[in-house]
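Undergrad:
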Amino acid sequence: MRKYTIYFAALLFLGFTSCKKDFLDVKPTNSGDAPTAIQTAADAKVMINGLMSKMTSSDYYGRNFILYGDVKGGDLTIISQGRGLDALYTFNHSKSC
Numbered sequence: 149m150r151k152y153t154i155y156f157a158a159l160l161f162l163g164f165t166s167c168k169k170d171f172l173d174v175k176p177t178n179s180g181d182a183p184t185a186i187q188t189a190a191d192a193k194v195m196i197n198g199l200m201s202k203m204t205s206s207d208y209y210g211r212n213f214i215l216y217g218d219v220k221g222g223d224l225t226i227i228s229q230g231r232g233l234d235a236l237y238t239f240n241h242s243k244s245c
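In my numbering, each residue carries its 1-based index in the sequence shown increased by 148.
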């Protein structure tokens, strides 16, 4: 009987500790306030570097997303097909590319 009393007291204690109001109102860690996000030029550089690293990841339109503007504008020429650059070479884009 004493063992059940200890278990019940432990569960009751855990139940009371989970009812704190500040525990439920947690701010997201991956976002910030717009007025305080960029204060200096260094903050802007960090923000731009983060955006550029996400744009070149394979999860965001492929690794070659950063090349599209240069290829379409004629600043960069793809000289051969293959190596995963066929859509850039032929300018044949679809939803599956």
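Glycine included, C-beta positions come from ideal geometry on N, C-alpha and C.
(1) In angstroms with no decimal places, state the Cα-to-Cα distance between ALA185 and ASP191.
(2) Please classify THR153: does DSSP put it in a helix, a strand, or coil?
(3) Cβ-heavy atom distance between TYR216 and the ligand FAD below 6 Å?
(4) Pull up the distance between the alpha-carbon of ARG150 and that of LYS202, whole angstroms please.
TA: Short version:
(1) 8 Å
(2) helix
(3) The ligand FAD is not part of this structure, which contains no ligands at all.
(4) 57 Å
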